[in-house]
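A.B. asks: Numbering (the UniProt record's numbering), first residue to last: 1 to 417.
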Amino acid sequence: MAHIPLWKTVCSLHGESPGTHGCRVCLQSVVEQMGEGYGANSGETTPTGMMTPSTTADTNVPDMESLRIDESDNDTVGDEDCDGHDGEKLGNSGLDESVIVDRIGGLFQQLSDEARMDAIARLSQAHSATPTIGKGTYDPVLYQTTFDMISYHKRHLLGVPEVVVALTGFSTLCPPYECFDLFLSVANQRKSVFELQLSTRDALGTPLIGSVCYDWLELPTGGTKEGSWQHGVWRWSFPRYGSLTVLETDMSDIEGVCFDMSYEEVPEVVLFISGFKTEPVHNLRFKISTSNVTKTGFRVKASTWLDSELYDLSVTWLAYPSGTKHVHSGSVSTSPCGNSKKPQQINMGYESFPAGKFTKPPKVMVGLNYLDLEHGTEQNIKSFVSNVTHLGMCWNVDSWDDTVIYGGGFSYLAIEE
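1) Going by beta carbon distance, what residues of the same chain come within less than 8 angstroms of residue 419, once the five residues before and after it are set aside?
2) Where ASN347 and LYS295 are concerned, what is the direct C-alpha to C-alpha distance, given to the nearest angstrom?
3) Quick one: what does DSSP say ILE209 is sitting in, helix, strand or coil?
4) Given a threshold of 16 other Cβ atoms within 10 Å of its Cβ, counted over all protein chains shown, does MET393 qualify as buried or as exposed?
5) Is the separation between the beta-carbon of THR132 and that of LYS154 shorter than 8 angstroms?
6) How about ASP181 and ASP312: do their beta carbons lie closer than 8 angstroms?
7) Within its chain, find whatever has a CB closer than 7 angstroms to the CB of ASP402; leave out the 5 residues flanking it on each side and keep chain order.
8) Closer than 8 angstroms by C-beta to ASN292: which residues in its own chain qualify, once you throw out the five before and the five after it? Chain order, please.
9) Thinking C-alpha only, which one of MET117, GLY409 and THR168 is nearest THR137?
10) Less than 8 angstroms between the C-beta atoms of GLY367 and GLU351, yes or no?
11) Kindly list the residues whose CB is nearer than 6 angstroms to the CB of ASN396, restricted to its own chain and excluding five residues on each side of it in sequence; keep chain order.
12) Between VAL315 and ARG235, what straight-line distance do the alpha-carbon atoms span, to the nearest angstrom?
13) Enumerate in chain order the residues of its own chain whose CB-to-CB distance from LEU391 is below 7 angstroms, with the five nearest sequence positions on each side excluded.
14) Just to confirm the assignment, what range does the beta strand (DSSP E) spanning PHE286 have?
15) Which two residues bound the contiguous beta strand (DSSP E) that contains GLU413?
16) Assuming SER333 contacts PHE183 under a Cβ cut-off of 8 angstroms, what Cβ separation, rounded to an integer in Å, is found between them?
17) Measuring only the C-alpha atoms, how far is VAL270 from VAL233?
18) List the residues that DSSP assigns as beta-bridge partners of ALA119.
19) Give the DSSP bridge partners of HIS231, in chain order.
20) List the DSSP bridge partners of SER262.
21) Quick one: Cα of CYS213 to Cα of LEU107, how far?
22) Helix, strand or coil for THR130? Go by DSSP, reduced to three states.
23) Kindly indicate which residue of ASP260, PRO362 and MET261 has the alpha-carbon position closest to the one of ALA414.
24) According to DSSP, is SER112 part of a helix, a strand, or is it coil?
25) Determine the direct distance from the alpha carbon of ARG116 to that of PRO5, and round the result to whole angstroms.
Rendered as C-alpha cells:
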C-alpha cells in the first residue's frame, strides 16, 4: 500500500490532521475517508471532499493495524489526548476517574452559561428521577429489637434518599404464647447506609420470630422534593378492651391521608404492611386497601374478620403520578386459586404488565397486604415474584411446614431502572 502522510488527511470531527493528537476514533475516521477514496476513479472528488488517490496505488482499504503514522510529520503524534469526544487514546486501556472529571470540566467550560445549566439540570433529573429497589432478610432473629446496617442499592449523589420498607414474609415459632408483634422501620440514615429496625416480642418479651423478609425502595431527593413521589406510615392502635387493644370481629377502621403536595392528576397509591401485633388464639387475618383517591389524598382501610384480633397495624403507603413512564403498580392474591376452601401451601399465578409499559425486565418491590393464616402452629409465609420480563411476571404466596394458608396477597411496584 502506498504511504499517505497523515498531514494530508483531515479528521471529520475536528477539521484538523489526527496526527496532532493520535486519537483512535479520529484515525478510524481517516481510514473511512481513505476507503471511500479508493473506491472512486483517479482524480475524482469523494463525498467527503477528498481527492482520490492515483489508480496506480494499491487499492486495498487500509485497516487500523496497517495504518502507519509518519512521526516526521508531527513529533507529538499519539502523545496528546483528544478533547473532541470520548474516544480512547492509542495504547491506553483505561482512564483515571480524575482525568475523566477534568475532561468533563473542560467541556463544560466551553459551553455558554445557559447551556451549562441546562446540561446540569438534565444530568440531575436523570439521576434523581428513578427510585431503586432492594431486598433483604433477617435470619435468624436473635433479639427483641434488631438493627441491621444496610448499604443503599446505588450511590445517591444528590443527597440522602428517603427509604420505604415493606414486609414480604416471616416465620414464627410454635405457640404457646399470648401475643406477639413484628414491626419494621427505617432509622439513622447516613450518606451510604441506613439502619433497618426490627422489633419483635411476645407478652413476656421473648423473641418469637425465626426469620423476616423485606423489600425496600430508595427515593432520590429530587423526586421527593418535587412532590412526585410521596410516602408515609399509618399506624393503628385500636380501641382498648381491658388490657388488650382489639380490632373487633368483622370491624374495619378507615383513616384519611393528606398529601404534603397536591398532584396535578389523581395519583397511583400503593399500600404495604410494615408491621402488626396480634395473638395466636385465633387465625391471623388482616387486609388493607385504599378508597377515594384524589389529587390531595386518599382513605386507607384496615380490616379483620370472624374471631381474629388485631392490636396494632402499621401500613406503609406510597404515591406517585399516574403517568410516570416505566413504572407500574398493582396487587395479586390467592383468591383465584380457591385456597380458602381447599388450602394449599404453594399458590402462584401470572401478572401481565400493560402493553408498552416496559422495554426491559423491571425491578419489582412487593409487600404483603392480605393474610389469613391458621392458628395453633408455626406461621410461615413468603411472597415473591420470578421470571420477570417486560411483559409480565410470575408470583407466589407460599407457606411451609405445618402452616395452613387460607388466603394471602401482596401489592407490587415495578420500576424499569
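All C-beta atoms, glycine included, are put in the ideal place defined by N, C-alpha and C.
C.D. replies: According to the structure shown:
1) Absent from the model: residue 419. The displayed extent of the chain is 1 to 417, so no value can be given.
2) 36 angstroms
3) strand
4) buried
5) yes
6) yes
7) THR377 and GLU378
8) PHE298 and ARG299
9) THR168
10) no
11) MET348 and PHE384
12) 6 angstroms
13) SER352 and PHE353
14) 284 to 291
15) It should be noted that the sequence gives Leu, not Glu, for residue 413. 405 to 415 is the extent of the beta strand (DSSP E) around LEU413.
16) Going by Cβ atoms, the distance from SER333 to PHE183 rounds to 23 angstroms, so no, they are not a contact pair.
17) 12 angstroms
18) DSSP output for ALA119 lists no bridge partner at all.
19) LEU318
20) Note: SER262 sits in no beta bridge, so no partner.
21) 47 angstroms
22) coil
23) PRO362
24) coil
25) Its pLDDT being 47, under 50, PRO5 is placed unreliably by the model, and nothing is read from it.
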